[in-house]
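Right, one structure below, let's go through it.
Protein chains: 2
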Amino acid sequence: MRRHPGIKDVAALAQVSIKTVSRVVNGEGSVLPATRERVERSVIELGYVPNGSARILKSGVGDAVGVVVDTIADPFFASLVSVIEDRALRAGMGVLFASTGLDAARERDQLLRLAGQQVRGIILVPVAENHEYLERYRASTPIVMVDRHMEGYDSVVVDDVDATKAAVADLIRIGHRRIAFVGYDAALSTIRSRHGAYQETLVEHGIALDPRLAPPSPAEIFDTRLTTLGLFDLQEPPTAIFAANLRAGIGVADALHGSGRTHVALISFGDFSLAHLLTPAVSCIDHDAYRIGNVAIERLLHLINTPGTLPQRIVLATERLERGSGEIPGPAPAMAESA
Amino acid sequence: MRRHPGIKDVAALAQVSIKTVSRVVNGEGSVLPATRERVERSVIELGYVPNGSARILKSGVGDAVGVVVDTIADPFFASLVSVIEDRALRAGMGVLFASTGLDAARERDQLLRLAGQQVRGIILVPVAENHEYLERYRASTPIVMVDRHMEGYDSVVVDDVDATKAAVADLIRIGHRRIAFVGYDAALSTIRSRHGAYQETLVEHGIALDPRLAPPSPAEIFDTRLTTLGLFDLQEPPTAIFAANLRAGIGVADALHGSGRTHVALISFGDFSLAHLLTPAVSCIDHDAYRIGNVAIERLLHLINTPGTLPQRIVLATERLERGSGEIPGPAPAMAESA
DNA sequence: TTGAAAGCGCTACCAG
DNA sequence: CTGGTAGCGCTTTCAA
Numbered sequence: 057m058r059r060h061p062g063i064k065d066v067a068a069l070a071q072v073s074i075k076t077v078s079r080v081v082n083g084e085g086s087v088l089p090a091t092r093e094r095v096e097r098s099v100i101e102l103g104y105v106p107n108g109s110a111r112i113l114k115s116g117v118g119d120a121v122g123v124v125v126d127t128i129a130d131p132f133f134a135s136l137v138s139v140i141e142d143r144a145l146r147a148g149m150g151v152l153f154a155s156t157g158l159d160a161a162r163e164r165d166q167l168l169r170l171a172g173q174q175v176r177g178i179i180l181v182p183v184a185e186n187h188e189y190l191e192r193y194r195a196s197t198p199i200v201m202v203d204r205h206m207e208g209y210d211s212v213v214v215d216d217v218d219a220t221k222a223a224v225a226d227l228i229r230i231g232h233r234r235i236a237f238v239g240y241d242a243a244l245s246t247i248r249s250r251h252g253a254y255q256e257t258l259v260e261h262g263i264a265l266d267p268r269l270a271p272p273s274p275a276e277i278f279d280t281r282l283t284t285l286g287l288f289d290l291q292e293p294p295t296a297i298f299a300a301n302l303r304a305g306i307g308v309a310d311a312l313h314g315s316g317r318t319h320v321a322l323i324s325f326g327d328f329s330l331a332h333l334l335t336p337a338v339s340c341i342d343h344d345a346y347r348i349g350n351v352a353i354e355r356l357l358h359l360i361n362t363p364g365t366l367p368q369r370i371v372l373a374t375e376r377l378e379r380g381s382g383e384i385p386g387p388a389p390a391m392a393e394s395a
Numbered sequence: 057m058r059r060h061p062g063i064k065d066v067a068a069l070a071q072v073s074i075k076t077v078s079r080v081v082n083g084e085g086s087v088l089p090a091t092r093e094r095v096e097r098s099v100i101e102l103g104y105v106p107n108g109s110a111r112i113l114k115s116g117v118g119d120a121v122g123v124v125v126d127t128i129a130d131p132f133f134a135s136l137v138s139v140i141e142d143r144a145l146r147a148g149m150g151v152l153f154a155s156t157g158l159d160a161a162r163e164r165d166q167l168l169r170l171a172g173q174q175v176r177g178i179i180l181v182p183v184a185e186n187h188e189y190l191e192r193y194r195a196s197t198p199i200v201m202v203d204r205h206m207e208g209y210d211s212v213v214v215d216d217v218d219a220t221k222a223a224v225a226d227l228i229r230i231g232h233r234r235i236a237f238v239g240y241d242a243a244l245s246t247i248r249s250r251h252g253a254y255q256e257t258l259v260e261h262g263i264a265l266d267p268r269l270a271p272p273s274p275a276e277i278f279d280t281r282l283t284t285l286g287l288f289d290l291q292e293p294p295t296a297i298f299a300a301n302l303r304a305g306i307g308v309a310d311a312l313h314g315s316g317r318t319h320v321a322l323i324s325f326g327d328f329s330l331a332h333l334l335t336p337a338v339s340c341i342d343h344d345a346y347r348i349g350n351v352a353i354e355r356l357l358h359l360i361n362t363p364g365t366l367p368q369r370i371v372l373a374t375e376r377l378e379r380g381s382g383e384i385p386g387p388a389p390a391m392a393e394s395a
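Residue numbers (our numbering), protein chains in the order written: chain A, 57 to 395; chain B, 57 to 395.
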């Protein structure tokens with residue numbers, strides 16, 4: 057495989073100095089039209105592409121922001137990255153994307169790789185609880201955590217606890233007592249919050265906790281159908297399910313519809329395409345990647361342009377989409393609206 | 057915002073030469089344990105991250121492959137990128153991703169940006185018909201086109217024409233005469249192929265073409281619901297719809313189910329999540345991003361390791377998933393199986 | 001085992 | 001308007 061032509065090759069062919077080539081390529085003024093044209097022809101003839109590494113090395117700053125998510129195959133993160141890229145492009149920057157696969161070691165490698173590329177800032181959906189290897193690095197490059205909070209860092213999250221408590225409370229109000237929690241993975245702080253809120257709400261309403269209704273569902277296993285179906289092998293199966301995230305929501309919907317259990321109530325944390333077309337349509341807590349991504353990239357751009365800003369935790373309110381599946385009443389007598 | 061510490065800072069703090077730091081960081085042998093430890097402490101203390109640009113500049117080759125798609129928000133492309141990243145990581149490379157937004161100028165910018173980053177190879181879902189600015193560059197960096205073919209380049213595509221002809225022929229066989237084509241965008245070669253195959257099949261069966269049944273549906277407009285609903289304002293509305301791609305399939309399903317027109321037959325080019333849960337379940341031509349991505353990255357890795365390989369067009373066979381919506385009979389008398 | 005120095009491709013500074 | 005030259009941070013000879 058041949059080497060790429062460099063600025064010197066262009067200069068030689070156009071019979072000018074490399075500085076002149078640099079001027080033409082970067083559109084700086086002060087070049088005679090004739091010279092300029094000669095250089096441009098040489099650039100095309102050789103298929104010259106400026107070496108970005110050299111440029112970055114010389115100038116000391118990169119021209120991209122880094123984005124690190126669990127996996128791009130998840131529609132929530134795909135939308136998030138898409139929004140961020142569009143906005144970054146408008147700010148004249150590219151985006152360097154990487155995924156962790158929910159593996160802390162891989163997260164570390166990817167972050168260091170991005171850091172080495174001199175990114176101007178990083179948006180991270182954190183996996184590891186601890187990022188101390190970033191402590192120093194942060195001093196020179198801003199980082200915004202998304203979806204999961206991390207103490208001492210800037211973050212953009214949603215009101216997990218409130219939304220979950222409200223959803224579970226509503227299920228109880230309409231007569232459910234056996235409410236399952238699908239998608240429980242203690243490794244993820246967001247999920248832990250939601251799980252905690254779920255438990256708390258049950259207890260507040262005097263319902264005994266049954267761990268079998270919140271079976272572990274490691275995030276590495278994309279498909280939550282089996283977990284869901286397992287719930288119906290219990291002596292007292294659930295009459296309602298709370299799905300802890302998008303991935304879980306899709307799996308639960310699939311399992312319920314695939315096994316004809318459409319009488320089971322379902323509320324999903326995260327809306328998914330076609331959720332509104334199922335019968336009954338799936339009720340969701342809307343966890344809009346578009347809005348979250350926009351807030352995160354705006355915050356990051358702000359931090360890039362205004363160094364020294366103190367970390368801030370931005371909590372976005374979610375909205376509940378009541379489409380039907382979450383309003384299916386349970387067997388217990390409906391409770392009066394609590395004060 | 058402070059500057060990043062460099063190898064010199066580490067060397068100074070550890071009281072060694074920069075070469076020794078380099079040795080430790082890159083895990084090369086021949087460093088006294090005591091020295092090594094001193095260096096490692098300094099690295100941590102300063103939060104030193106090697107400058108990838110300098111490394112790439114010096115060595116002349118990058119450590120990543122580039123991937124350019126229409127938009128990462130499309131689940132098909134998201135899966136494609138995900139598969140490619142996983143495989144690249146296992147090959148010790150990162151992935152530099154960029155999206156074109158279906159804009160030829162943006163495609164060009166993104167490609168040149170990736171090229172400037174010294175990527176080892178590029179996987180591209182092409183938008184523009186012409187990439188002559190890449191002609192020279194190809195000599196030094198392999199490129200694999202995906203999903204849409206381009207003469208003279210390596211490509212990985214599916215059997216668009218055959219799959220479309222078979223699907224449309226089947227719709228005719230079960231009694232449909234008014235068959236619509238949703239998602240027509242003449243700017244995309246893949247869609248043109250599918251549209252051509254659709255027209256040809258109708259003509260072969262003696263059915264007159266009606267352009268109103270294949271309304272233009274520019275790819276920039278993500279939502280195809282309005283286009284779909286418009287078809288039912290025709291005096292003679294369609295009894296069957298062929299959706300030209302994933303995006304169109306989702307929109308059509310949404311429109312049909314949302315307006316209660318579930319008696320209209322539908323075959324979608326591309327499977328989507330939950331398609332099998334609708335009533336009737338949506339019949340698809342399966343256009344598996346996982347398989348396509350795998351073949352593409354394997355091909356690229358091969359080209360990287362074996363320069364000078366001749367371009368090859370790899371055509372993957374698709375599979376038809378008959379779930380119900382594509383098997384709804386039409387009003388015309390069913391035709392006998394053709395010889 | 002360790003260090004000094006050259007140079008990757010480019011831009012910035014200062015001359016001409 | 002144009003060109004020479006220094007040097008970005010790193011790796012890679014070649015010496016010590």
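Don't be surprised by glycine CBs; every beta carbon is placed ideally from N, CA and C.
Contacting residues, own chain, Cβ-Cβ under 6 Å from residue i (five flanking each side not counted)
i	result
A345/A	F132, S135 and L136
L372/A	V214
A395/A	In this prediction, A395/A scores a pLDDT of 37, lower than 50, which makes its location untrustworthy; the coordinate-derived value is nonetheless stated afterwards. Closer than 6 Å at Cβ, skipping near neighbours: no residue.
T365/A	L359
R250/B	D216, T220 and A300
Y240/A	H251, A270, P272 and S273
Residue i vs residue j beta-carbon contact at 8 Å
i	j	result
G231/B	P385/B	yes
V200/A	I179/A	yes
G108/A	R143/B	no
I370/B	V212/B	yes
G326/B	G305/B	yes
A223/A	I297/A	no
R379/B	H332/B	yes
D159/B	V124/B	no
S138/A	E141/B	no
A70/B	V95/B	yes
Closer than 7 Å at the beta carbon, the chain B residues around residue i
i	result
Y26/A	Because chain A here runs from 57 to 395, residue 26/A falls outside it and cannot be looked at.
G150/A	A154 and R169
A110/A	L113
Rounded distance between the beta-carbons of residue j and residue i, thought under 8 Å
i	j	result
V217/B	A275/B	20 Å between Cβ atoms; not a contact.
R281/A	G307/A	5 Å
L30/B	A110/A	Nothing in the structure corresponds to residue 30/B, since chain B is present only between 57 and 395.
V181/B	D210/B	So it is not a contact: roughly 13 Å between Cβ atoms.
I441/B	I128/A	Since the first residue shown for chain B is 57 and the last is 395, residue 441/B is missing from the structure and cannot be characterised.
Neighbour list for residue i in chain B, Cβ cutoff strictly below 9 Å
i	result
L330/A	I306, A309, D310, H313, F328, S329, L330, A331, L333 and L334
L356/A	Ordered by position in chain B, no residue passes the 9 Å Cβ test against L356/A, which lies about 13 Å from the chain.
Q368/A	None at all; the shortest Cβ gap to chain B is about 17 Å.
Listed by chain order, chain A residues near residue i by CB distance under 7 Å
i	result
M135/B	The residue you asked about is not Met; residue 135/B is Ser in the sequence shown. Result: A129.
F153/B	F153
G172/B	V105, P106, N107 and G108
Close beta carbons around residue i, own chain, < 7 Å, minus the five adjacent residues each side
i	result
T295/A	H232, R234, V320, A321, G386 and P387
L145/B	none
L334/A	A309 and H313
I63/B	I74, V77 and S78
A147/B	L357
G408/B	Any question about residue 408/B goes unanswered here, given that chain B covers just 57 to 395.
Close Cβ partners of residue i (< 8 Å) along its chain, the five nearest in sequence each way excluded
i	result
S73/B	A67
A120/A	A144, M149, G150, V151, L152, Q173, V175 and R176
P61/B	L102, G103 and Y104
V117/B	Q174 and R176
E393/A	Low confidence applies here, because E393/A scores a pLDDT of 49, under 50, leaving its location unreliable; read the following figure in that light. If we look at E393/A and ignore the five residues flanking it on each side, its Cβ neighbours are R229.
8 Å Cβ cut-off: residues of chain A touching residue i
i	result
R29/B	This structure leaves residue 29/B out entirely; chain B is present only between 57 and 395.
E141/B	I128, A154 and S155
Partners in chain B for residue i, counting only beta-carbon separations shorter than 8 Å
i	result
S138/A	T127, I128, A129 and S155
Worksheet item: At which residue ranges does the region 170 to 252 of chain B contain complete beta strand (DSSP E) runs of 3 or more residues, listed in the order of the chain?
Response: 178 to 180, 199 to 202, 210 to 214 and 235 to 238
Discussion item. Suppose only complete runs of 4+ residues qualify. What are the alpha helix (DSSP H) ranges in the region 79 to 148 of chain B, listed by chain order?
Written reply: 89 to 102, 108 to 115 and 131 to 146
Item to complete: With a floor of 4 residues, list each alpha helix (DSSP H) that falls wholly inside the region 337 to 391 of chain B, ordered by position along the chain.
Response: 345 to 361
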